[in-house]
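Before any comments, here is the structure.
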Amino acid sequence: MSDPVPEQRRPTPADSLECRQNAEDALRDQAPLSACAWALLAIAAEAVAIRRAGRR
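If you're matching positions, the sequence shown starts at 10 in the working numbering and goes up one per residue.
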């Protein structure tokens, strides 16, 4: 069975990290969040990354 997603289109961990950092920077510029809120956002992002990695 062939992989439906070509290898060059599959995001790498570095891509997801850069994307997450860009999103965090955009959110930080729009509205200041407490340190606790940023920690929760980081934990949620890690959970999503782990879940996506497990689907491969």
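C-beta: ideal position from N, C-alpha, C; glycine also.
Remember, predicted model here, so these are calculated numbers, not experimental data.
Cβ-Cβ distance between residue i and residue j below 8 Å
i, j, result
"residue 46", "residue 29", "no"
"residue 25", "residue 58", "yes"
"residue 27", "residue 50", "no"
Span of the alpha helix (DSSP H), counted from its first residue to its last, around residue i
i, result
"residue 61", "44-63"
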